[in-house]
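Input: a single structure, listed below in structure tokens.
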Amino acid sequence: MALNREESSPLFAGTVAGTLRLLAYLALAMVLMVLDHRNGWTWRVRYAAAVVVEPLYRLAGAPSAGLHALTVAFAERKTLTEENQRLREDLLLANAKLNRMAAVAEQNQRLKELLDTQHSLELNVQLARVIGVDLGPGEDRIMLGVGANSGIHVGQPVIDARGVMGQVVHVLPSTSVVMLVTDPAHAVPVTIERTGLRTIAYGTRDGSGLMLPDIPLAADVRVGDRLLTSGLGGRFPPGFPVGTIRRVRPAPTGMFLEATAQPAADLDRSEDVLLLHDQAEPVGPPAPAVPAGPPADLAMPATSGTAPAPAAPGATR
Amino acid sequence: MNRQRIALYWFSATIAVSLVAMLVPLPTVLQPFKPYWPALVLLYWALESGERVNLGLAFVVGLCADLLDGVLLGEQALRLTALVFIALRFRSRLRFFPMWQQTLAVLALLLNDRILLLIVRSFAGEASPTLSWWFSPFVGAALWPFLFLLLDDLRIRLRIA
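Going down the list, the sequences are from chains A and B.
Number 211 in my numbering belongs to position 201 of the first sequence; there are no gaps in the numbering.
Number 21 in my numbering belongs to position 20 of the second sequence; there are no gaps in the numbering.
Right, dumping it as structure tokens:
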């Protein structure tokens, strides 16, 4: 073992060649970052390398899956019985509600047919399992165990039993990445259920909740108001719960009201999620020309026969 | 020959494990405290066997990490290259530091790494992180003595130079 080599570890002074090499690598890294930021390269490279990368994701997800299996295996009988009982009650309640709603849905369907709209209350969904993989700090994303092979494509909304979770942002052959609604780079068009006011809910900086930074000062917004997807933007179908307003206060600029909201979905605890197959019908003005951004095949979902969605939510602010 | 091959396998294995460890999630409460494993393992190898680690290797490991992490291609490559450069430059001194001094040096290196990451993130136009984002280097430094002793012990048992 050489204690002291002349070339790369001199005792006190460094060599010029080493510094030059460092600068070359740093420059290369920066070029890569700029190219990736502009073109979104990583995911294309990763799609090509999926054969190697995906087993690694499964491997990394194994500890959390194993932990979950262990908790189930060693859970007390009493706990399980209680949970079972609770689920039964929930199901009973939900079924009772459904039965009552069936008549209303039927009526709604008839009225919709009279109005000649194609909007339907039926859901076309696919169940997906969450893989426990940490995708870097400061990013609110989860990984699902289904991918392009199961017909998943970028832009599909993801929901759980309580509300909207997010949307698919990257797809690999058998895994896909979902950006949660609490990600700072995510935005979802919402309406306030009580008043019908339309606004946009962004993810917060620390990923703990939702932020509605531009509500008009005169608007009637109260703590406890429920937020639903408005269907504008053509990404999320209308009428799904997004969250509940927790706090309303004037923005620091004094021009708007600023509200924070608690997401409706169980973002931390969901193990199985639903992927919606039908996207919202595009409504609103035609798509504006996009001067820069990700390439069209990545930014827009491949919906055939529908116009491209205006102002795709989830685009970086 | 055989010894060398074992050494190479062991070296690659530690780095591969550190990359997978980076992906393994912790419970939500502990999540901000997760150390940056690839940096720690690369630091160890840079200090203990500087012939193996060079800037090119750090760059390649960083690229692999980026490919797995999927944030920005080149981000971790940049961070790890800078980290390994500093570690290699001060290698001769860092190696003969007592453990507590070495730990402080590792803390400085990891904090420097976070600052680099912050610069890259702000150039990419991402939101500035919260306070808990800064915990990770301290946890990494606190784990350093244990990681160092563990890897050193295993290395001596495997008789890898």
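Built from N, CA and C at the ideal position, the CB exists for glycine as well.
Whole-number beta carbon distance between residue 194 of chain A and residue 128 of chain B, since they are thought to touch under 8 Å: Here the question's residue 128 of chain B lines up with position 127 in the second sequence. Here the question's residue 194 of chain A lines up with position 184 in the first sequence. Sure, about 4 Å apart at Cβ, within 8 Å.
Run of the beta strand (DSSP E) containing residue 63 of chain B, from where it starts to where it stops: By one-based count along the second sequence, residue 63 of chain B stands at place 62. Per DSSP, residue 63 of chain B belongs to no beta strand (DSSP E); it is in the alpha helix (DSSP H), 56-70.
The stretch 166-185 of chain A contacting the stretch 272-288 of chain A, beta-carbon criterion three pairs below 8 Å: yes
Any C-beta of chain B under 8 Å from that of residue 57 of chain A: Position 47 of the first sequence, counting from 1, holds the residue named residue 57 of chain A. Answer no: the Cβ-Cβ gap between residue 57 of chain A and chain B never drops below 8 Å.
Outcome for residue 246 of chain A when other beta-carbon atoms lying within 10 angstroms are tallied against a minimum of 16: Looking up residue 246 of chain A in the first sequence gives position 236. Under this definition residue 246 of chain A is a buried residue.
Between the CA atoms of residue 140 of chain A and residue 180 of chain A - distance to the nearest angstrom: As a working mapping, residue 180 of chain A is identified with position 170 in the first sequence. As a working mapping, residue 140 of chain A is identified with position 130 in the first sequence. Going from the Cα of residue 180 of chain A to the Cα of residue 140 of chain A covers about 14 Å.
Min CB distance residue 129 of chain B to chain A below 8 Å: Within the second sequence, numbered from 1, the residue matching residue 129 of chain B stands at position 128. Judged by the 8 Å Cβ criterion, residue 129 of chain B is in contact with chain A.
Collapsed DSSP secondary structure at residue 25 of chain A in the structure displayed: Here residue 25 of chain A refers to the residue found at position 15 when the first sequence is read from its first residue. Here residue 25 of chain A sits in coil by DSSP.
Top-ranked residue by Cα proximity to residue 56 of chain B, from B:120, B:4, B:94, B:85: On the second sequence, residue 56 of chain B is found 55 positions in, with the first residue counted as 1. The shortest Cα separation from residue 56 of chain B among B:120, B:4, B:94, B:85 belongs to B:85.
Assigned exposure category for residue 250 of chain A - 16 Cβ within 10 Å defines buried: Along the first sequence, one-based indexing puts residue 250 of chain A at 240. Burial call: buried.
Partner residues on chain B for residue 143 of chain A, Cβ-Cβ distance less than 7 Å: The count along the first sequence starts at 1 and reaches residue 143 of chain A at position 133. Residues of chain B passing the Cβ test: 24, 26.
Sequence-distant residues of the same chain with beta carbon closer than 7 Å to residue 22 of chain B, five excluded per side: Residue mapping note: residue 22 of chain B aligns to position 21 of the second sequence, counting from 1. So the qualifying residues of the chain are 38.
Residue 33 of chain B to residue 130 of chain B span [Cα, whole Å]: What you label residue 33 of chain B is simply residue 32 of the second sequence in a count that begins at 1. What you label residue 130 of chain B is simply residue 129 of the second sequence in a count that begins at 1. Cα to Cα, the separation comes out at about 11 Å.
Interfacial residues, the stretch 35-57 of chain A to chain B, with Cβ spacing under 9 Å: 35, 36, 38, 39, 40, 41, 42, 43, 44, 45, 46, 47, 51, 52, 53, 55, 56
Contact set for residue 186 of chain A: own chain, Cβ-Cβ below 6 Å, skip 5 residues either direction: As a position in the first sequence, residue 186 of chain A is number 176, starting the count at 1. These residues qualify, in order along the chain: 154, 157, 162, 178.
Distance CB(residue 20 of chain B)-CB(residue 78 of chain B) smaller than 8 Å: As a working note, residue 20 of chain B is residue 19 in the second sequence. As a working note, residue 78 of chain B is residue 77 in the second sequence. Against a cut-off of 8 Å, the Cβ pair of residue 78 of chain B and residue 20 of chain B comes out as no contact.
Per-residue contacts from residue 21 of chain B into chain A (C-beta, under 7 Å): Sequence index remark: in the second sequence, residue 21 of chain B carries index 20 (1-based). Neighbours of residue 21 of chain B on chain A, chain order: 66, 69, 70.
Coarse secondary structure for residue 212 of chain A, derived from DSSP in three states: Counted from its first residue, the first sequence places residue 212 of chain A at position 202. In the structure shown, residue 212 of chain A sits in a strand (DSSP, three-state: E or B).
Option nearest residue 61 of chain B by Cα separation, candidates B:51, B:71, B:75: Indexing the second sequence from 1 puts residue 61 of chain B at position 60. That would be B:75, whose Cα lies nearest to the Cα of residue 61 of chain B.
Contacting positions in the stretch 175-197 of chain A - beta carbon closer than 8 Å to chain B: 180, 187, 194, 195
Residue 274 of chain A classed as buried or exposed, judged by whether at least 16 other C-beta atoms fall within 10 angstroms: Position 264 of the first sequence, counting from 1, holds the residue named residue 274 of chain A. Classification for residue 274 of chain A: buried.
Beta-carbon contacts of residue 234 of chain A that lie in its chain and below 6 Å, excluding the five residues immediately before and after: Position 224 of the first sequence holds residue 234 of chain A. For residue 234 of chain A, where only same-chain residues beyond five positions count, there are no Cβ hits under 6 Å.
Burial state of residue 29 of chain B, where buried means 16 or more other Cβ atoms lie within 10 Å: Counting from one through the second sequence, the residue named residue 29 of chain B turns up at place 28. Looking at its Cβ environment, which holds fewer than 16 other Cβ atoms inside 10 Å, residue 29 of chain B is exposed.
For residue 116 of chain B, the three-state DSSP class (helix, strand or coil): Residue numbering aside, residue 116 of chain B sits at position 115 when the second sequence is read from its first letter. In the structure shown, residue 116 of chain B sits in a helix (DSSP, three-state: H, G or I).
Backbone secondary structure at residue 169 of chain A - three-state DSSP: What you label residue 169 of chain A is simply residue 159 of the first sequence in a count that begins at 1. Of the three classes helix, strand and coil, the one that applies to residue 169 of chain A here is strand, per DSSP.
Check: residue 16 of chain B C-beta below 7 Å from any heavy atom of the ligand COA: In the structure on display, the ligand COA does not appear, and there are no ligands present to speak of.
Spatial neighbours of residue 201 of chain A in its chain, beta-carbon cut-off 7 Å, leaving aside the 5 residues before and after: Working through the first sequence from its first residue, we reach residue 201 of chain A at position 191. 207, 208, 238, 240, listed in sequence order.
Whether residue 33 of chain A touches residue 166 of chain A by CB criterion (8 Å): Position 23 of the first sequence, counted from the start, is the residue given in the question as residue 33 of chain A. Position 156 of the first sequence, counted from the start, is the residue given in the question as residue 166 of chain A. No.
Span separating the alpha-carbon of residue 157 of chain B from that of residue 84 of chain A: Looking up residue 157 of chain B in the second sequence gives position 156. Looking up residue 84 of chain A in the first sequence gives position 74. Taking the straight line from one Cα to the other gives about 39 Å.
Residue from B:97, B:134, B:107 with nearest C-alpha to residue 43 of chain B: As a working note, residue 43 of chain B is residue 42 in the second sequence. With distances taken between Cα atoms, residue 43 of chain B lies closest to B:107.
Extent of the continuous alpha helix (DSSP H) to which residue 180 of chain A belongs: On the first sequence, position 170 is the one that residue 180 of chain A refers to. That residue, residue 180 of chain A, is in no alpha helix (DSSP H); its beta strand (DSSP E) goes 174-181.
Interface flag, residue 26 of chain A vs chain B, CB-CB below 8 Å: Here the question's residue 26 of chain A lines up with position 16 in the first sequence. Not one chain B Cβ lies under 8 Å of residue 26 of chain A.
For residue 23 of chain B, the residue or residues it bridges with in DSSP: For the purposes of this step, residue 23 of chain B is taken as the residue at position 22 of the second sequence. None, per the DSSP bridge assignment.
Near-chain B residues of the stretch 258-288 of chain A (beta-carbon distance less than 9 Å), N- to C-terminal order: 278
Neighbour list for residue 100 of chain A in chain B, Cβ cutoff strictly below 9 Å: Position 90 of the first sequence, counted from the start, is the residue given in the question as residue 100 of chain A. By Cβ distance, chain B contributes nothing, its closest Cβ being about 24 Å from residue 100 of chain A, past 9 Å.
Exposure of residue 54 of chain A, with buried meaning 16 or more beta-carbon neighbours within 10 Å: Numbered from 1 along the first sequence, position 44 holds the residue referred to as residue 54 of chain A. It counts as exposed.
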